[in-house]
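Q: Numbering (the working numbering), first residue to last: 114 to 421. Cβ coordinates follow ideal geometry from the N, Cα and C atoms, glycine included. Values in this document were obtained by computation on a predicted structure and should not be read as measured data. Questions regarding the structure given below will be posed in turn.
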RNA sequence: GGUGGGGUGGCCGAGUGGCUAAUGGCAGCAGACUGUAAAUCUGCCGGGCUUCGCCCUACGUAGGUUCGAAUCCUACCCCCACCA
């Protein structure tokens, strides 16, 4: 059953979602529910472009700093926790605004994932370790063997298919069809876009700024905690390039450029996702314009919706 | 001025007579995506079209040899290295 309308602001990285959310807070008693798979990691603030402390003081944020860099987070956990935040915010008379760049997290919250059967942690770890040792093609063969519906998609998704099939006794597709979750909310999507050239400029500027503000030092500090290079929290764009430099695999003056490049590619994937994986937006706004103007328009549209 | 090396599609870079619109890589574009998703993958990529095919234009420039040239020859222009 679909419940109340939930405003959801999406857009590629660096398009200016945070600025618009903050501007919107002048219109609404707003609390931000961040749908961002990287900002959940503590202490990686610069590398994940978290809102600043000041911004967070002005507008309450949920979904930040949830786990240690060595811990894994997930779309399913996000969906559960975010559903809770939305309910709390609403109960205290606030208006939750989902702000996110992580398409899967938004979808998980809004549409619900299938109800995953319990996968016994011990067996899962053992299986993961086994799968990690397989060559790519062999892993894909395994996925095809244990899951007839496996459609490819590389290592990570093959591993997931094998995991579910072997540990639950049913293939992923079966669960997806048989154990559909029902969404509790009706999304009210606002998509922020900008012409590629503009977006690319903003991305480049942001990458430079990250390095200038101490990205490398931040990552170095987290690395001293003893994480391996492939810790979940260190796998984001920006952080990864800093780790490469710190491990001597990249020259320092190439860090910002590499971040910008990888961010451009990521932004493109995000746009594809928002175009095809989410329901049609009620508003698609050109983020080249000032955040205040965009906020005005969003607030006005929301007002019209309420009356209708 | 002399000698040697080199000029290839947006960039890097193979190719050294036909199987080459030209291997690769990068950038770019498009797409997939149900619990690791800033991840993991796929396709396109000189131009045009009636796009499982056809046409046009292409390997510094201009000529030439050849049935056929990015590939061979000549001249010229430019770049690099060394010698003067």
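(1) Alpha carbon to alpha carbon, how far is residue 211 from residue 358? Give it in angstroms, no decimals.
(2) Excluding sequence positions up to five away, which residues of its chain have a Cβ less than 6 Å from the Cβ of residue 148?
(3) On the three-state DSSP scale, how would you describe residue 415?
(4) Over what stretch of residues does the beta strand (DSSP E) that includes residue 305 continue unbroken?
(5) Taking just the CA atoms, how far does residue 124 sit from residue 332?
(6) Within 10 angstroms of the Cβ of residue 360, are there 16 or more other Cβ atoms? Answer buried if so, exposed if not.
(7) In whole angstroms, what is the alpha-carbon distance linking residue 244 and residue 417?
(8) Let me know the secondary structure DSSP gives residue 397 once reduced to three states.
(9) Taking a contact to mean a Cβ-Cβ separation below 7 Å, would you say residue 376 touches residue 126 in this structure?
(10) Compare the beta carbon distance of residue 294 and residue 226 with 7 Å and say whether it is the shorter of the two.
(11) For the alpha helix (DSSP H) that residue 168 lies in, which residues bound it at each end?
(12) Name, in chain order, the residues that DSSP records as bridge partners for residue 144.
(13) Mind checking who residue 175 pairs with in its DSSP beta bridge?
(14) Are the CB atoms of residue 398 and residue 407 within a distance shorter than 7 Å?
(15) Within its chain, find whatever has a CB closer than 7 Å to the CB of residue 369; leave out the 5 residues flanking it on each side and keep chain order.
(16) Are residue 162 and residue 404 close, meaning C-beta to C-beta below 7 Å?
(17) Can you tell me whether residue 197 is buried or exposed? The criterion is at least 16 other CB atoms within 10 Å of its CB, across all chains shown.
(18) For a test of the three-state rule: what should DSSP assign to residue 186, helix, strand or coil?
A: On the basis of the coordinates in this document:
(1) 34 Å
(2) 211, 213, 215, 218, 219
(3) Taken through DSSP and simplified to helix, strand or coil, residue 415 comes out as helix.
(4) 299-306
(5) 26 Å
(6) exposed
(7) 52 Å
(8) Correct three-state label for residue 397: strand.
(9) The Cβ-Cβ distance between residue 376 and residue 126 falls below 7 Å.
(10) yes
(11) 166-171
(12) Answer is 209, bridged to residue 144.
(13) 146
(14) Contact flag set, yes.
(15) 320, 321, 324
(16) no
(17) exposed
(18) coil
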